[in-house]
Amino acid sequence: MIALLTRDLRLAFRAGGGFGLGLAFFLILAVLVPLGVGPDRTTLALIAPGILWVGALLACLLSLDRIFALDYEDGSLDLLATAPVPLEGVVSIKALAHWITTGVPLVLVSPVLGLLLSLPVPAYGWLLLSLTLGTPALSVIGTFGAALTVGLKRGGLLLSLLVLPLYIPTLVFGAEVVSRGAQGLAVGTPLALLAGITAGAVALLPFASAHVIRINLR
Amino acid sequence: MSLKVTDLSCARGGLPILEGVSFALEPGQALVLRGPNGCGKTTALRTIAGLQPALAGHIDSLPDTIAYAGHADGLKATLSVTENLNFWAAIYGTRGIDHALDRMNLRQLADRAAQNLSAGQKRRLGLARLMVTGRPVWVLDEPTVSLDAASVALFADVVRGHLAAGGMALMATHIDLGLPEARVLDLGPYKARLPEPSNGFDEAFL
Amino acid sequence: MSSLWEYANPLKFMRTTDWLLPIVAVAAVVITTVGLVWGFFFTPDDFRQGSTVKIVFIHVPSAMMAINAWVMMLVASLIWLIRRHHVSALAARAAAPVGAVMTVIGLITGAVWGQPMWGTWWAWDPRLTAFLILFLFYLGYIAMWAAIDDPDTGADLTAVLCLVGSVFAVLSRYAANFWNQGLHQGASLSVAPGTRMDWAYKAPLYTCMVGFGLIFLALVLAGTRTEIRARRMKALAARERMA
Numbered sequence: 001m002i003a004l005l006t007r008d009l010r011l012a013f014r015a016g017g018g019f020g021l022g023l024a025f026f027l028i029l030a031v032l033v034p035l036g037v038g039p040d041r042t043t044l045a046l047i048a049p050g051i052l053w054v055g056a057l058l059a060c061l062l063s064l065d066r067i068f069a070l071d072y073e074d075g076s077l078d079l080l081a082t083a084p085v086p087l088e089g090v091v092s093i094k095a096l097a098h099w100i101t102t103g104v105p106l107v108l109v110s111p112v113l114g115l116l117l118s119l120p121v122p123a124y125g126w127l128l129l130s131l132t133l134g135t136p137a138l139s140v141i142g143t144f145g146a147a148l149t150v151g152l153k154r155g156g157l158l159l160s161l162l163v164l165p166l167y168i169p170t171l172v173f174g175a176e177v178v179s180r181g182a183q184g185l186a187v188g189t190p191l192a193l194l195a196g197i198t199a200g201a202v203a204l205l206p207f208a209s210a211h212v213i214r215i216n217l218r
Numbered sequence: 219m220s221l222k223v224t225d226l227s228c229a230r231g232g233l234p235i236l237e238g239v240s241f242a243l244e245p246g247q248a249l250v251l252r253g254p255n256g257c258g259k260t261t262a263l264r265t266i267a268g269l270q271p272a273l274a275g276h277i278d279s280l281p282d283t284i285a286y287a288g289h290a291d292g293l294k295a296t297l298s299v300t301e302n303l304n305f306w307a308a309i310y311g312t313r314g315i316d317h318a319l320d321r322m323n324l325r326q327l328a329d330r331a332a333q334n335l336s337a338g339q340k341r342r343l344g345l346a347r348l349m350v351t352g353r354p355v356w357v358l359d360e361p362t363v364s365l366d367a368a369s370v371a372l373f374a375d376v377v378r379g380h381l382a383a384g385g386m387a388l389m390a391t392h393i394d395l396g397l398p399e400a401r402v403l404d405l406g407p408y409k410a411r412l413p414e415p416s417n418g419f420d421e422a423f424l
Numbered sequence: 425m426s427s428l429w430e431y432a433n434p435l436k437f438m439r440t441t442d443w444l445l446p447i448v449a450v451a452a453v454v455i456t457t458v459g460l461v462w463g464f465f466f467t468p469d470d471f472r473q474g475s476t477v478k479i480v481f482i483h484v485p486s487a488m489m490a491i492n493a494w495v496m497m498l499v500a501s502l503i504w505l506i507r508r509h510h511v512s513a514l515a516a517r518a519a520a521p522v523g524a525v526m527t528v529i530g531l532i533t534g535a536v537w538g539q540p541m542w543g544t545w546w547a548w549d550p551r552l553t554a555f556l557i558l559f560l561f562y563l564g565y566i567a568m569w570a571a572i573d574d575p576d577t578g579a580d581l582t583a584v585l586c587l588v589g590s591v592f593a594v595l596s597r598y599a600a601n602f603w604n605q606g607l608h609q610g611a612s613l614s615v616a617p618g619t620r621m622d623w624a625y626k627a628p629l630y631t632c633m634v635g636f637g638l639i640f641l642a643l644v645l646a647g648t649r650t651e652i653r654a655r656r657m658k659a660l661a662a663r664e665r666m667a
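Protein sequences appear in the order of chains Y, H and B. Counting in this note's numbering, the first sequence runs from 1 upward without gaps. Counting in this note's numbering, the second sequence runs from 219 upward without gaps. Counting in this note's numbering, the third sequence runs from 425 upward without gaps.
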């Protein structure tokens with residue numbers, strides 16, 4: 001299992017691994033929004049929580065199709081499915097690797113982008129916390145979507161169509177935490193709900209993902 | 219420890235393709251599956267490896283004894299030969315890839331990235347992966363594709379060594395491996411008969 | 425022995441729907457027409473909302489069927505996953521487009537109603553938002569079916585998607601509620617004390633609901649028959665290739 005994690009991380013960091021693409025996308029989005037909306041700081045401050053969360057979501061989406069597609073093409077997925085590791089574990093590790101290579105960098109750069117978008121000062125802590133709690137759910141849900149569409153032609157487009165609606169609860173509660181935090185309101189409820197969704201997704205979705213992979217390998 | 223297949227039927231794309239396949243492998247034995255393209259060799263091997271469910275019949279083997287190698291080698295292009303092998307050794311919980319490197323003649327290539335290997339070298343690496351699984355039953359789909367004559371002989375040697383150590387091998391191949399001790403099973407006669415056309419719609423839509 | 429599961433046999437299903445479908449279809453048309461005509465022309469105008477209120481006779485039944493269709497897909501998917509009856513999977517497939525259209529009708533009639541009432545075609549009210557999200561789930565489900573060639577694989581994958589989707593649809597509904605307390609009036613047919621709606625409205629509304637339910641049933645039966653035939657064609661073509 002640890003071997004799988006190190007392999008996936010190593011693959012992501014080596015040339016051609018696509019590491020950093022999501023990050024660059026996130027940055028571009030944070031530059032484009034003020035260009036489109038206008039430089040007014042109060043407007044930006046108002047929409048910053050939403051933009052940052054939507055940006056994180058889309059940046060996550062960008063690298064989802066790579067989770068299983070490459071392993072499917074080169075036959076590794078067949079071999080992993082016949083190896084003495086539970087497939088549920090394999091998909092969990094894959095989601096973890098995706099989170100480390102995509103989610104964690106997004107969390108780390110988000111304060112800088114918050115600066116670009118004039119995010120109010122009290123919100124930074126909540127931004128970091130909500131993304132830290134929410135991005136694992138994005139990775140796990142995305143892994144489920146990637147498992148559903150592995151082996152399909154035009155899977156990438158379908159993947160977005162399937163995964164984005166599943167991201168809605170995470171987005172709503174995550175952005176709510178930040179905007180409430182920005183206004184200095186209590187954030188306990190959305191934060192608890194966000195953590196609840198993440199915990200539920202991490203605990204249950206790998207079973208669905210593994211089942212779906214087995215179907216797709218048939 | 220053995221592999222016993224009884225009355226196996228398998229399907230491809232929702233249609234039965236093979237039926238009534240039976241054979242048994244005891245330690246030290248090898249079986250070569252033959253038959254024209256599209257006769258269901260790959261389907262049979264994938265079914266035996268547990269990647270797809272059988273329509274009917276039994277596959278009796280101890281759990282976790284089968285190592286499967288399909289058309290694709292499962293190699294990562296940016297990882298070196300050693301890294302690729304070490305990964306699979308870790309997945310199968312075995313140690314030591316030196317033996318496999320030596321036997322498949324990959325020692326000089328050990329630090330080279332898989333993307334810089336020739337097709338035959340990649341195939342050798344894919345077969346070396348089998349040796350690090352430490353599993354007794356090898357299920358191999360066209361193992362000799364893109365291997366030159368010397369490498370085929372090398373591979374036959376490896377299989378012979380595996381058999382001598384009490385292993386088993388089930389292979390689908392078209393060429394002569396130089397393994398006279400291997401039995402041959404022609405899958406041609408096991409082609410599934412079409413079910414009687416029914417006038418209505420039966421449960422399975424066949 | 426006779427049991428419900430007999431109808432899971434495609435042959436039996438086709439034979440039964442041969443005579444059942446026309447009856448359901450005619451009943452659907454008659455009852456819906458009666459309900460709508462009754463509702464549109466033989467009910468008094470609302471003292472506050474005027475005749476605008478009468479769109480309720482389309483809006484409420486279609487919105488209800490939009491949700492019921494998804495529930496039916498969920499049940500059918502579960503039956504497929506557990507008992508592997510092909511008709512069940514195909515019925516779920518046939519229900520999706522009907523449910524999606526019901527969702528769209530609900531959204532459009534809602535917009536038409538909302539314009540004079542709230543002064544806007546669209547508001548990010550939790551109910552409206554939830555329906556829009558439901559529509560997205562329908563789209564994903566339909567696209568998933570369309571993307572897969574092998575019918576059994578398609579049935580398996582979409583069934584799992586339907587299951588997971590249902591959980592997330594409920595979560596989204598709750599999230600939308602949390603996110604914005606809306607303009608939408610409460611359930612029009614609540615059995616709670618102080619019921620808002622008069623029997624003069626309720627009777628035609630119930631009629632329309634039954635009518636829409638029958639329309640849904642007729643469309644799903646017809647769709648399932650088509651899917652069964654398409655499946656049969658596919659099998660025959662494959663048999664042709666094999667022979």
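For every residue, glycine included, the Cβ atom is placed at its ideal position computed from N, Cα and C.
Other residues of its chain near residue i: CB distance less than 7 Å, five sequence neighbours each side excluded
i        : result
Y:PRO190 : PHE173, GLU176, VAL177 and ARG180
H:ASP404 : ARG252 and GLY253
B:TYR562 : ALA520, GLY523, ALA524 and THR527
Y:ALA201 : ALA137, VAL140 and ILE141
B:TYR625 : THR467
Y:THR143 : ILE67, VAL91, LYS94, ALA95, HIS98 and SER209
H:GLN333 : ALA295 and THR296
H:VAL350 : LEU303, TRP306, ALA307, TYR310, THR312, ILE315 and ALA318
B:ASP470 : VAL477
H:GLN339 : LEU327
Of the listed residues the options, nearest to residue i (C-alpha basis)
i        : options                                   : result
Y:ALA210 : H:LEU269, H:PRO281 and H:MET349           : H:LEU269
B:MET526 : B:ILE503, B:HIS483 and B:TYR565           : B:HIS483
B:MET496 : B:SER512, B:ARG663 and B:GLY538           : B:SER512
H:LEU249 : H:LEU263, H:GLY238, H:TYR310 and H:ARG411 : H:LEU263
B:MET541 : B:MET489, B:THR476 and B:GLY647           : B:THR476
Y:LEU119 : Y:LEU46, Y:ALA24 and Y:ASP40              : Y:LEU46
B:ARG655 : B:VAL634, B:ASN604, B:ALA646 and B:ASP574 : B:ASP574
Y:LEU193 : B:TRP603, B:PRO628 and B:TRP623           : B:TRP603
Y:THR135 : Y:VAL54, Y:GLY89 and Y:ALA30              : Y:VAL54
B:GLY637 : B:PRO550, B:VAL454 and B:PRO434           : B:VAL454
B:MET489 : B:LEU444, B:ALA627, B:TRP504 and B:PHE555 : B:PHE555
Y:LEU21  : Y:ARG7, Y:GLY114, Y:PRO105 and Y:ILE168   : Y:PRO105
Y:ALA220 : B:ALA567, B:VAL584 and B:PHE559           : Limits of chain Y in this structure are 1 at one end and 218 at the other, which puts residue 220 of chain Y out of reach.
B:THR582 : B:TRP462, B:TRP494 and B:TRP537           : B:TRP494
Outcome for residue i when other beta-carbon atoms lying within 10 angstroms are tallied against a minimum of 16
i        : result
Y:GLY216 : Before going on, a small fix: residue 216 of chain Y reads as Asn here, not Gly. So Y:ASN216 counts as buried.
H:GLU399 : exposed
Y:SER130 : buried
H:SER336 : exposed
B:TRP545 : exposed
B:ARG649 : buried
H:GLU244 : exposed
B:THR457 : exposed
B:ILE506 : exposed
B:VAL615 : In this predicted model, B:VAL615 has a pLDDT of only 41, less than 50, meaning its place in the structure is not dependable enough to derive any value.
B:LYS478 : buried
Y:SER63  : buried
B:HIS510 : buried
Contact set for residue i: own chain, Cβ-Cβ below 8 Å, skip 5 residues either direction
i        : result
Y:ALA195 : LEU133
Y:GLY155 : ASP65, ALA69 and THR149
H:ASP329 : SER298, VAL299 and THR300
Residues bridged to residue i (per DSSP)
i        : result
H:TRP356 : H:ALA285 and H:ALA387
H:THR224 : H:HIS276
Y:SER63  : Y:SER63 is not bridged to any residue.
H:ASP404 : H:ARG252
B:GLY474 : B:ASP470
H:ALA371 : For H:ALA371, which the question treats as bridged, DSSP gives no partner whatsoever.
H:VAL239 : H:LEU226
6 Å Cβ shell around residue i - same chain, five flanking residues per side excluded
i        : result
Y:ILE77  : The residue you asked about is not Ile; residue 77 of chain Y is Leu in the sequence shown. If we look at Y:LEU77 and ignore the five residues flanking it on each side, its Cβ neighbours are ASP71.
H:GLY238 : ASP225 and TYR408
Handout entry: Residues from the region 10-41 of chain Y in contact with chain B, defined by Cβ distance under 8 Å
Key = none
Problem - Residues of the region 554-586 of chain B whose Cβ lies closer than 9 Å to any Cβ of chain H, in chain order - result: ASP573, ASP574, PRO575, ASP576 and THR577
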